[in-house]
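Undergrad: Let me give you the structure first, and then I'll get to my questions.
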Amino acid sequence: MHHTILAPYSRRRQAQVARILALALFPLLLGLGAGHVVVSLPAASSTITRTGTVRWVRWRRWPRPPRAAWVWPIARQLLRPVLVQAGLLAVLLAASGAAPPLFLLASLPLLRALLSLSVLVWPRWGQHPRCRWLVSASADLQLALLLSLSVGLLRDHLLPSGALAAAVAVARPPKPSATGRILDDGTYEVTIGDLIAIRHKPVDAFDRRMFLLGLRDIHLLHRPSQWPFLCQVWLADWFGTLQELLSRWEDYREAGDWNSLMSRQHGPLVPRAQQHLLIQLWARHLWWSVAEVQAAAAAEGLTLSAHAITQIGQDSGLLVARRVLRERFQLSIETLHPKDDWLVTQLFGLIDQLQARLACGERPAPEERSRLADLLALRTELGLGSGQELETPLPWGYHLQHILCGNWEAVDDGTIRCPHCGSSQVRRKSRTPRAKRYLDAAGQQQTVDVFRYYCQNAACAHGSFTNLPPDLLPSSPWRTEVHLQALQAYEVGHSSYRRVAAGLGISTATAYRWVSQFGGQLLPVAALFGVVRSSGVVGVDEKWVKVPTNDKPAGKQHHWMYVSVAVDVYTYDLLHVAIFPVRGTDAARAFLLALRAKGYQPQVIVTDLCTDYDRAIPAVFPRAIHHQCIFHALQAWHKQLRDAYGTHYRTQRPDAVKLQRQLDGIFQAKTKRTAQRRYDKVLALREAYVAATPEVEALFSSLERHWPKLVNAIERDRIPKTNNTAELVTAPKRKRLGFKGMPPHPLSSFENGGWCVAYRV
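Residue numbers for the sequence shown follow the numbering used here, so the first one is 6 and each next one is one higher.
In structure tokens, the structure reads:
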């Protein structure tokens, strides 16, 4: 009986309950034997509950026996039920025709009564294991005798009378059968018995759930309402779901939680308290992945699956916030700053949309204005300014204009302005002047009194400044004229930093710093003098350069980057130069956008075989013709021939030499018709050459891919066949400096204006 509901009780209590149940069923057997049908059992008058664990407690000393006066009242109370039980056993023995010696079994109730009285008289005997065994054995023997005599009496005398058959005749009707399946067209079918079939084709997951819940509302008339006819296990097996999900959906419907019922959640439910703990843990570490969150939750005692964590992240919105942050920002435990590639992508997309709107004469769409507002909000949060104020300090810009334009007189209205932002809202910092030392034209050290001022403009990033005379510069004893002489000697005289320093009596580092300061500020001067011009044919080239930096140890103060240049093919004018840390389509597009921002609208753009410009040029200059350098193409194909046939293929492989001559002959044609015929002839040899040497397939693929951008220069005098102009313009700078003397400050703004002006002037 340990596997039943009586398992929590002791063996003694289990035996007592079993005897009570057997005696309770005895009147039912008698009723059936008498021909009466039992329709229902009597209502329970009480419920047996167990509130604690039964255990035996040993007394420290033996109990005293009761007085003799107490024994007789107890014996008188036991006498009546004992005589009734003994008489009942005697009647059953007589009815069954038992032998006379078996009538002694009718005295079992008397024996049990004597044992009970002996326990009262001798308490020590009642606590002995043998006494307990005798009491239990006599009770079991009496119960077994009573049941065996009753069953035998029913079998021998009452079954032929048909009383049991009558009882069976009025029993419950048989339970109808039920089956379910999913048809080929997705229809759910449930068959109940032989006459009823329910069919429904769900349109979505919610409709499917409601149909299954509706099947759970089918009940039989002779069964309680809380027990549906179609159980959850059947429905789960028929229609490919889980019994746990059906139970969960019923709870959702009963609670009116329609949002959860219409969701797509699977797996075990997670309590709200655990969900809140997980959300707080993940919100504090948004850069964590699902696996990292799962490990951290397990360390805190929350054992959840990866799917459950993903569902919680989706329901709470953490995954959406994390995806947006990881898309736009460098998200880690140490940093949170915008990604360059995301900002560039958003900028390009917004520029394209706004240009399309302006070209059509339309106003920006609401979603475009929303994106623009997001970018402006992000710019404000990052402190990038509004874009209208002076971002680059120009404390001596008007001095340069004075020197370049000749005789020029400054108008002094007596107002002191901030040299960084131009604001007149200034306040003197101290009444005591400071001594500014400088070198005059004769090289003698002089001193002048200057004052420090506060700039009260909230948008100014400096906050304070020194009001200097027009010909002096901050943090330098040298006058502006000496700075300009260093720039003139370096750029116009094609000199070096060492020679400039020796000629002016300054250090090499000082000459390098002075020239670098002019780089980003001379392009407006070039535009002022009208030297910004273009023939409409622009050559673009890139170089791999070494850029100096100051944040590395001695001996490693350099970093390799890409320099992109735009050169006018016919005027040899350097139109634009920029430096990028990486090379790709985004960098090429940014370079072309900067070129267009200067006012250039080229009709032809010549590049090498770099594929970064294939999508960038149509996006920025949709009307421009993209031509690729024929010299670079032939050079690349010759290299592919060496890779396929070996270094000495000219002396060892006549077929390779023949193919090379045919390739060169394509672009020696005078007309496009001749070039196209030679091109088709070379492609006809593709199958034979590839079958003999599979490595040569790369050459034919390259020829076929670049052919449209190579043949467009034939019979067109305006389009040059090569990009040699860009190579010639950058050659003097590359030969003189090897691109190792590029100043770091202009690199931060991706411009080297001093170089551009040197070529224009």
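Ideal Cβ placement from N, Cα and C applies to all residues, glycine included.
Under the three-state reduction of DSSP, which class applies to Lys551: helix, strand or coil?
TA: The sequence position of residue 551 within the sequence shown is 546, counting from 1. Here Lys551 sits in strand by DSSP.
Undergrad: Which residues bound the alpha helix (DSSP H) around Ser469?
TA: Start at 1 with the first residue of the sequence shown, and residue 469 comes out as number 464. That residue, Ser469, is in no alpha helix (DSSP H); its beta strand (DSSP E) goes Ser469 to Asn472.
Undergrad: Helix, strand or coil for Phe626 per DSSP?
TA: Counting from 1 along the sequence shown, the entry for residue 626 is found at position 621. DSSP places Phe626 in coil when its eight states are reduced to three.
Undergrad: Sort Gly191, Ser121, Leu473 and Val453 by Cα distance to Gln82 and report the nearest one.
TA: Residue 82 sits at position 77 when you count from the first residue of the sequence shown. The residue with the shortest Cα to Cα distance from Gln82 is Ser121.
Undergrad: Answer yes or no: do Arg682 and Ile671 have a C-beta to C-beta separation smaller than 7 Å?
TA: Taking the first residue of the sequence shown as position 1, residue 682 is located at position 677. Taking the first residue of the sequence shown as position 1, residue 671 is located at position 666. No, these two residues do not count as a Cβ contact at 7 Å.
Undergrad: For a test of the three-state rule: what should DSSP assign to Phe456, helix, strand or coil?
TA: Sequence index remark: in the sequence shown, residue 456 carries index 451 (1-based). If DSSP states are grouped into helix, strand and coil, Phe456 belongs with the strands.
Undergrad: Per DSSP, Arg433 forms a beta bridge with which residues?
TA: The sequence position of residue 433 within the sequence shown is 428, counting from 1. Paired residues: Tyr458.
Undergrad: With a cut-off of 8 Å, do at least 3 Cβ pairs link the stretch 572–580 to the stretch 539–547?
TA: Segments in contact, yes.
Undergrad: Taking the alpha carbon of His281 as the point to measure from, which residue in Ser321, Ile610 and Pro78 has its own alpha carbon closest?
TA: As a working note, residue 281 is residue 276 in the sequence shown. Per the Cα distances, Ser321.
Undergrad: What span of residues does the alpha helix (DSSP H) with Ile314 cover, start to end?
TA: Residue 314 sits at position 309 when you count from the first residue of the sequence shown. Note, Ile314: alpha helix (DSSP H), Ala311 to Ser321.
Undergrad: Is it right to say Ser50 is buried, meaning 16 or more other beta carbons lie within 10 angstroms of its own, or is it exposed?
TA: Within the sequence shown, residue 50 is the residue found at index 45, counting from 1. With a pLDDT of 40 at Ser50, under the threshold of 50, the predicted position of this residue should be treated as unreliable, and no value is reported.
Undergrad: Would you tell me roughly how many angstroms separate the C-alpha atoms of Asp199 and Gln237, rounded to the nearest one?
TA: As a working note, residue 199 is residue 194 in the sequence shown. As a working note, residue 237 is residue 232 in the sequence shown. Going from the Cα of Asp199 to the Cα of Gln237 covers about 22 Å.
Undergrad: Using CA atoms only, rank isn't needed, just tell me which of Pro699, Val716, Asp145 and Lys686 is closest to Ala638.
TA: Residue 638 sits at position 633 when you count from the first residue of the sequence shown. Ranking Pro699, Val716, Asp145 and Lys686 by Cα distance to Ala638 puts Val716 first.
Undergrad: By Cβ distance below 8 Å, which residues in the same chain neighbour Phe456 in space, the five residues on each side in sequence not counted?
TA: Walking along the sequence shown from the start, residue 456 turns up at place 451. So the qualifying residues of the chain are Arg433, Lys434, Ser435, Pro438, Arg439, Thr471 and Asn472.
Undergrad: Taking DSSP as the reference, what is the three-state secondary structure of Thr196?
TA: The count along the sequence shown starts at 1 and reaches residue 196 at position 191. In this structure, Thr196 counts as strand in the three-state DSSP scheme.
Undergrad: Exposed or buried, which one is Phe626 when buried takes at least 16 other CB atoms within 10 Å?
TA: Residue 626 sits at position 621 when you count from the first residue of the sequence shown. So Phe626 counts as buried.
Undergrad: Looking at C-alpha atoms only, which residue of Thr192, Ile201 and Asn728 is the closest neighbour of Pro181?
TA: Here residue 181 is taken as the residue at index 176 of the sequence shown, counted from 1. Closest by alpha carbon: Ile201.
Undergrad: Are Leu369 and Arg362 closer than 7 Å when you measure CB to CB?
TA: On the sequence shown, residue 369 is found 364 positions in, with the first residue counted as 1. On the sequence shown, residue 362 is found 357 positions in, with the first residue counted as 1. The identity of residue 369 in the sequence shown is Pro, whereas the question assumes Leu. Contact: yes.
Undergrad: Work out the CA separation of Ala80 and Leu151 for me, nearest whole Å.
TA: If you number the sequence shown from 1, residue 151 lands on position 146. If you number the sequence shown from 1, residue 80 lands on position 75. Roughly 24 Å separates the two Cα atoms.
Undergrad: Any contact of the stretch 456–468 with the stretch 496–513, i.e. 3+ C-beta pairs under 8 Å?
TA: No, because fewer than three Cβ pairs between the stretch 456–468 and the stretch 496–513 fall closer than 8 Å, the two stretches do not touch.
Undergrad: Please determine, among Ile635, Tyr517 and Val687, the residue with the shortest C-alpha to C-alpha distance to His488.
TA: To locate residue 488, count along the sequence shown from 1; it is residue 483. Residue Tyr517 is the option with its Cα nearest to His488.
Undergrad: Using only the alpha-carbon positions, how far apart do Val587 and Tyr257 sit?
TA: Along the sequence shown, one-based indexing puts residue 587 at 582. Along the sequence shown, one-based indexing puts residue 257 at 252. Taking the straight line from one Cα to the other gives about 55 Å.
Undergrad: Got a sec, what are the start and stop residues for the alpha helix (DSSP H) Phe705 sits in?
TA: Start at 1 with the first residue of the sequence shown, and residue 705 comes out as number 700. Here the alpha helix (DSSP H) through Phe705 covers Glu702 to Val716.
Undergrad: Apart from the five residues on each side of it in sequence, which residues of its chain come closer than 8 Å, Cβ to Cβ, to Leu291?
TA: Against the sequence shown, residue 291 aligns to sequence position 286. Hits under 8 Å: Leu323, Ala326, Arg327, Leu330 and Leu336.
Undergrad: Whole angstroms are fine: how far does the CA of Thr679 sit from the CA of Leu600?
TA: Within the sequence shown, the letter at position 595 stands for residue 600. Within the sequence shown, the letter at position 674 stands for residue 679. Distance between the alpha carbons of Leu600 and Thr679 is about 36 Å.
Undergrad: Can you give me the C-alpha to C-alpha distance between Tyr605 and Phe636, rounded to a whole angstrom?
TA: On the sequence shown, residue 605 is found 600 positions in, with the first residue counted as 1. On the sequence shown, residue 636 is found 631 positions in, with the first residue counted as 1. Between Tyr605 and Phe636, the C-alpha separation is close to 26 Å.
Undergrad: On the DSSP bridge list, what partners appear for Leu4?
TA: In the structure as shown, the chain starts at 6 and stops at 766, and residue 4 therefore has no counterpart that could be examined.
Undergrad: In this structure, how does DSSP classify Tyr257 when only helix, strand and coil are distinguished?
TA: Position 252 of the sequence shown, counted from the start, is the residue given in the question as residue 257. Tyr257: helix per DSSP, three-state reduction.
Undergrad: Within this structure, are the beta carbons of Leu158 and Ala91 separated by less than 7 Å?
TA: As a working mapping, residue 158 is identified with position 153 in the sequence shown. As a working mapping, residue 91 is identified with position 86 in the sequence shown. No, Cβ-Cβ distance for Leu158 and Ala91 is not below 7 Å.
Undergrad: Would you kindly report the start and end of the unbroken alpha helix (DSSP H) that includes Ala288?
TA: For the purposes of this step, residue 288 is taken as residue 283 along the sequence shown, with counting starting at 1. Residues Arg277 to Arg289.
Undergrad: Going along the chain, which residues of its own chain have a beta-carbon closer than 6 Å to the beta-carbon of Trp138, five neighbours each way excluded?
TA: Here residue 138 corresponds to residue number 133 of the sequence shown, with the count starting at 1. Excluding residues within five positions, none has a Cβ falling inside 6 Å.
Undergrad: Whole-angstrom Cβ separation of Gly185 and Leu250, contact assumed at under 8 Å?
TA: As a position in the sequence shown, residue 185 is number 180, starting the count at 1. As a position in the sequence shown, residue 250 is number 245, starting the count at 1. The pair is not a contact, with the Cβ atoms about 16 Å apart (cut-off 8 Å).
Undergrad: Along the chain, where does the alpha helix (DSSP H) that runs through Ala103 open and close?
TA: Reading the sequence shown from its first residue, position 98 is the one you call residue 103. Element bounds for Ala103: n/a, residue is neither H nor E.
Undergrad: Among the residues of its own chain, which have a CB less than 6 Å from the CB of Arg289, if the five just before and after it don't count?
TA: For this step, residue 289 is matched to residue 284 along the sequence shown. Excluding sequence neighbours, Arg289 sits near nothing in its chain.
Undergrad: Within its chain, find whatever has a CB closer than 8 Å to the CB of Gln450; leave out the 5 residues flanking it on each side and keep chain order.
TA: In the sequence shown, counting from the first residue as 1, residue 450 sits at position 445. So the list reads Arg442, Tyr443, Leu444 and Pro482, once near-sequence residues are dropped.
Undergrad: By Cβ distance, which residues of its chain are closer than 8 Å to Leu266, with the 5 residues on each side in sequence left out?
TA: Position 261 of the sequence shown, counted from the first residue, corresponds to residue 266. Hits under 8 Å: Phe211, Arg214, Trp254, Tyr257 and Arg258.
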